[in-house]
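*Asks:* Take this structure first; my questions come after.
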Amino acid sequence: MKSLYKRELTMMVGIVALSFTLLSTAFMLLSYRYIISETRDRLERNAGYIAAATSDYLQNVDSLSLLDGIKWTLYQSTMETVSAVSEASVIVTNTQGEILYATDSDLYHKQIPDRVVQQILQQGHYNGITNLGGVYGANRYIAGLPVQTKLTPTLAANLGLVLVSGDTSGLSEMWRATATIFFFAAVVVLLIAVIASSITSAHQTRPLTEMAEAARKFGRGEFDVRVNSYKDRCDEIGELAEAFNFMANSLEKVESQRADFIANVSHELKTPMTTIAGFAEGILDGTIPPEKEGEALNVVVSETRRLSRLVRRMLDLSRLNALTETVTAQEQFDIIEVMSRVLVSLEGRITGRGLDVDAQFPEDPIMVWGDPDAVTQVCYNLLDNAAKFAAQGTDITVQITKKDGKALVTVRNLGATIPLDELPLLFERFHKADYSRSVDREGVGLGLYIVKTILGNLKENITATSEDGVTQFTFTLTLA
């Protein structure tokens, strides 16, 4: 399997190499075109100057061969000077392409190709890279113009041709120099890119490698493993590492809760089952006298009901764990009516502890959106919880109000103050605070978790406060 580090490094090096190849190709093509253009313009300027000078020398004659000795000498000197200054070869021909003058004496008596002659005479110019049909031993850049004399302001006669040529070896040298420069530059930049890419790729993949190793350790049951926090990184890798650590903390917490749950359930199951077995054996073997068998059977029934409640809570938990985050059954209902029914169902439990209920409901119904059965479970759990922990002889306050498009449902009781550090844990699975264990012997720490889960599925919120003996739970429902 090819690692992410190698893929990123290969991709970066490939991009740099491809970029340099394209850049060097484009630069060399542009440079070539520029040099060709400059060479053409320079040769055409020189050809124009020579054509004009030749035309001046031919003011009173029709051919260079008719110039007298002094003029011919001056003409040759002028052409040689132009050739030396411009580093170009000069050829002057008649209109048939026969060479009349050349700065290179080896070119005399040679013939310019007819197609070149005709192009100059008909189009007024010629340029290209050629050896002029063997006139030169190698290809040269040629610029040609006609030598003309004006017969009238609008009419000119062709007296001959001027061809100025430059050596193309400069172009080859330019190509070699450019290629050399780009090659060394590419090597340097490629080395820098390899080093930079190696460092960057390692910096990016190190957290992923650590997280992969941590995940493998999680699979082996080592839930205390963490990756480096990378707090100095503000990119996606840093966020991923932080999220991974958060997930690890959550997994460790869930594992701890699972262990606590198993211990709690084992204890909760062991106690009633031991009691039931003891009394049943006592009745069977006659240890318990007949007159006390009824009392023993009442204990057996009580412990059996306790087991039933535990199993029911476990089934509720299983059902909630199977729910998705989207609630499919949403309808309008009166929250006051739901709360009133729950109060009636818990009346015996509430009055049995000498508690009173202060129901602060408005006269008109408050219609809300939600799942009536699920909200009934929420109200039942909160009121049952309040009845468990309220001080005997106090009031349980139930208040329903409306605010900002929400119905606010509050359940308040007087009793022991919940420590501040315990409040965030009230809605955790299997959580039972130390202060409540002596009061709530029947519970397994699932009631408030079920409340939180149901309201979360309904996209609603619940808050808990406890101060000076007043504990209050408030949850929201969307008004219809």
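Per the working numbering, residue -13 is the first one in the sequence shown, and the count goes up by one each step. Ideal Cβ positions, reconstructed from N, Cα and C, are used throughout, including at glycine.
Just to check my reading of the structure: asparagine 169 and methionine 197 have Cβ atoms closer than 8 Å, yes? What is that Cβ distance to the nearest angstrom?
*Replies:* According to the sequence shown, residue 169 is phenylalanine rather than asparagine. Actually they are not in contact, since the Cβ atoms of phenylalanine 169 and methionine 197 sit about 42 Å apart, beyond 8 Å.
*Asks:* Using the Cβ count rule (16 or more neighbours within 10 Å means buried), how would you classify leucine 412?
*Replies:* Buried, since its Cβ has 16 or more Cβ neighbours within 10 Å.
*Asks:* Name the two residues that bound the continuous alpha helix (DSSP H) containing glutamate 521.
*Replies:* Lying outside -13 to 466, the shown extent of the chain, residue 521 is not represented and no answer is given.
*Asks:* Closer than 8 Å by C-beta to aspartate 344: which residues in its own chain qualify, once you throw out the five before and the five after it? Chain order, please.
*Replies:* Cβ neighbours of aspartate 344 beyond the five flanking positions: Asp381, Ile382, Thr383, Val384.
*Asks:* In the DSSP output, what is alanine 143 paired with across the bridge?
*Replies:* Beta-bridge pairing links alanine 143 to Thr135.
*Asks:* Between the alpha carbons of valine 456 and threonine 462, how many angstroms are there, rounded?
*Replies:* So the two alpha carbons sit approximately 20 Å from each other.
*Asks:* Following the continuous beta strand (DSSP E) through phenylalanine 375, name the residue where it begins and the one where it ends.
*Replies:* From DSSP, phenylalanine 375 is part of no beta strand (DSSP E) but of the alpha helix (DSSP H) over 358 to 375.
*Asks:* Does the contact criterion of 3 or more C-beta pairs under 8 Å hold for the region 203 to 214 versus the region 8 to 21?
*Replies:* No contact exists between the region 203 to 214 and the region 8 to 21.
*Asks:* Whose C-beta lies closer than 7 Å to the C-beta of valine 121 among residues of the same chain, with five residues either side of it excluded?
*Replies:* So the qualifying residues of the chain are Leu93, Lys96, Ile98.
*Asks:* Grouping DSSP H, G and I as helix and E and B as strand, with all else coil, what is lysine 256?
*Replies:* Lysine 256 falls in the helix class under three-state DSSP.
*Asks:* Where DSSP assigns a beta bridge to glycine 272, which residues make up the other side?
*Replies:* According to DSSP, glycine 272 bridges with nothing at all.
*Asks:* Classify glutamate 267 as buried or exposed, calling it buried when 16 or more other Cβ atoms lie within 10 Å of its own Cβ.
*Replies:* Exposed.
*Asks:* What does the alpha-carbon distance come out to for the pair alanine 12 and arginine 26?
*Replies:* For alanine 12 and arginine 26, the distance between alpha carbons rounds to 21 Å.
*Asks:* Since glutamate 317 and proline 358 should fall inside the 8 Å C-beta cutoff, what is the C-beta to C-beta distance between them, to a whole number of angstroms?
*Replies:* At roughly 7 Å, the Cβ-Cβ gap stays under 8 Å, so glutamate 317 and proline 358 are in contact.
*Asks:* Measuring CA to CA, which of Ala188, Ala165, Glu238 is closest to alanine 200?
*Replies:* Alanine 200 has its Cα closest to that of Glu238, out of Ala188, Ala165, Glu238.
*Asks:* Do the CB positions of valine 395 and isoleucine 321 come within less than 8 Å of each other?
*Replies:* Yes.
*Asks:* Is the region 71 to 82 touching the region 24 to 41, taking contact as three or more C-beta pairs under 8 Å?
*Replies:* The region 71 to 82 vs the region 24 to 41: in contact.
*Asks:* Have a look at the DSSP bridge pairing and note the partners of lysine 57.
*Replies:* For lysine 57, which the question treats as bridged, DSSP gives no partner whatsoever.
*Asks:* When you compare only the Cα positions, how much space is there between alanine 163 and leucine 145?
*Replies:* Their backbone Cα atoms lie some 43 Å apart in a straight line.
*Asks:* How is the beta strand (DSSP E) around arginine 398 delimited, first residue to last?
*Replies:* From DSSP, the beta strand (DSSP E) with arginine 398 extends over 392 to 400.
*Asks:* Could you tell me the alpha carbon to alpha carbon distance between asparagine 447 and lysine 278, rounded to whole angstroms?
*Replies:* Computed Cα separation, rounded: 51 Å.
*Asks:* Who are glutamine 97's beta bridge partners in DSSP?
*Replies:* Answer is Glu84.
*Asks:* Closest to tyrosine 127 by CA distance: which of Asn113, Thr140, Pro139, Lys136 is it?
*Replies:* Nearest option by C-alpha distance: Asn113.
*Asks:* Grouping DSSP H, G and I as helix and E and B as strand, with all else coil, what is isoleucine 382?
*Replies:* Isoleucine 382 falls in the strand class under three-state DSSP.
*Asks:* Could you check the C-alpha separation between glycine 130 and glycine 152 for me, to the nearest Å?
*Replies:* Rounded to the nearest angstrom, the two C-alpha atoms are 12 Å apart.
*Asks:* Can you list, in chain order, the residues of its chain whose CB lies under 8 Å from that of leucine -5, leaving out five sequence neighbours each side?
*Replies:* Closer than 8 Å at Cβ, skipping near neighbours: Val180, Ser183, Ser184, Ser187.
*Asks:* Using beta-carbon positions only, say whether leucine 465 and asparagine 367 come within less than 8 Å of one another.
*Replies:* No. Outside cutoff.
*Asks:* Do valine 103 and glycine 119 have their beta-carbon atoms positioned less than 8 Å apart in this structure?
*Replies:* No.
*Asks:* If I'm right that valine 150 touches alanine 38 with Cβ under 8 Å, what's the distance once you round it to whole angstroms?
*Replies:* Actually they are not in contact, since the Cβ atoms of valine 150 and alanine 38 sit about 13 Å apart, beyond 8 Å.
*Asks:* For valine 68, which residues from the same chain have a beta carbon less than 7 Å from its beta carbon, with the 5 sequence-adjacent residues on both sides left out?
*Replies:* Cβ neighbours of valine 68 beyond the five flanking positions: Asn32, Tyr35, Ile36, Val76.
*Asks:* Classify glycine 55 as buried or exposed, calling it buried when 16 or more other Cβ atoms lie within 10 Å of its own Cβ.
*Replies:* With fewer than 16 Cβ atoms within 10 Å of its Cβ, glycine 55 is classed as exposed.
*Asks:* Return helix, strand or coil for lysine 445, following the three-state DSSP convention.
*Replies:* It is coil, neither helix nor strand.
*Asks:* Considering only C-alpha positions, which residue in the set Asp42, Gly207, Ile115, Ser10 is nearest to serine 242?
*Replies:* The candidate whose alpha carbon is nearest that of serine 242 is Gly207.
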